[in-house]
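At position 32 of the sequence shown the residue is numbered 31 (numbering that gives the first Met the number 0), and the sequence of numbers has no breaks. Heads up: the structure comes next, in structure tokens.
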Amino acid sequence: MNLPSLAERRGLLPIALAGLCALPLLLAAPASAHHLMDLTGLKPGPLTGLLSGLAHPILGPDHLLFLLAIGLVGIVQPFRWVLALLGCGLVGNALGLALPGLTWVEPLVALSVALTGLVLARRLPPAVLVPAFLLHGYALSGAVLGWEPTPIAFYLVGLLVSQSLLLLVALTAVRRWRQNASSGALSLTAGLLMGIGLAFTWSALVA
């Protein structure tokens, strides 16, 4: 029996990890992902707002997977993309605070995970991720509706820092794996992202 080469095993490792991550992610509905304030019962304040902003993208499985998957889509100029995406996220935060309550946002946010799979499969251009990031910003602002301005400001700072770090990880470690991965590994990863994204979307629609 022929064993996989070292390069093939390295290419399959992230896919195996993605498969392991998929199970708990699929068990958690994206629309019901809680931020730190829900989990701890703490009252809004500068420190708790900052911590909540830092933790929220990590506690939301669709947000986390979307941010990490951005590193897979073949972005040529990572630094400019980080600035563009973070800028769109801030615009989305502002829109979410000014015009809250759009019911179709959560399903579209969940669908954005499948969108990254389509981009990875070269069915869509990477530019479609920019408005998708705006939708993520809109959805993340819903956690702080009704808060005082100061805790909201600290929450947004924490959110900016957390998303920046996740994007840097995506555009370094994840992107490096993509450059060395085989076409089969990339196709399988694209399929996983599309499947998980559609499962998230269904969960958001029926929640």
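Backbone N, C-alpha and C define an ideal beta-carbon position, used for all residues, glycine too.
Less than 7 Å between the beta carbons of residue i and residue j, yes or no?
i: residue 91; j: residue 133; result: yes
i: residue 144; j: residue 106; result: no
i: residue 196; j: residue 110; result: yes
i: residue 140; j: residue 95; result: yes
i: residue 131; j: residue 155; result: no
i: residue 189; j: residue 73; result: no
i: residue 87; j: residue 129; result: yes
i: residue 104; j: residue 192; result: no
When the Cα atoms are used, what is the spatial distance from residue i to residue j?
i: residue 68; j: residue 170; result: 9 Å
i: residue 177; j: residue 147; result: 43 Å
i: residue 124; j: residue 138; result: 23 Å
i: residue 66; j: residue 42; result: 28 Å
i: residue 61; j: residue 200; result: 9 Å
i: residue 108; j: residue 58; result: 15 Å
i: residue 70; j: residue 76; result: 11 Å
i: residue 51; j: residue 63; result: 15 Å
i: residue 93; j: residue 173; result: 29 Å
i: residue 175; j: residue 152; result: 34 Å
i: residue 186; j: residue 179; result: 14 Å
i: residue 181; j: residue 46; result: 45 Å
i: residue 101; j: residue 121; result: 30 Å
i: residue 136; j: residue 89; result: 6 Å
i: residue 85; j: residue 78; result: 11 Å
i: residue 198; j: residue 97; result: 30 Å
Leaving aside the five residues before and after residue i along the sequence, list all residues of the same chain whose C-beta is less than 6 Å from its C-beta, in chain order.
i: residue 161; result: 53 and 56
Using the Cβ count rule (16 or more neighbours within 10 Å means buried), how would you classify residue i?
i: residue 49; result: buried
i: residue 80; result: buried
i: residue 183; result: exposed
i: residue 118; result: buried
i: residue 142; result: buried
i: residue 203; result: buried
i: residue 166; result: buried
Ordered along the chain, which non-local residues of its own chain (more than five positions away) have a Cβ less than 8 Å from that of residue i?
i: residue 168; result: 67 and 70
Starting from the C-beta of residue i, find all residues in its chain whose C-beta is less than 7 Å away, skip the five residues before and the five after it, and write them out in chain order.
i: residue 149; result: 45
i: residue 83; result: 129
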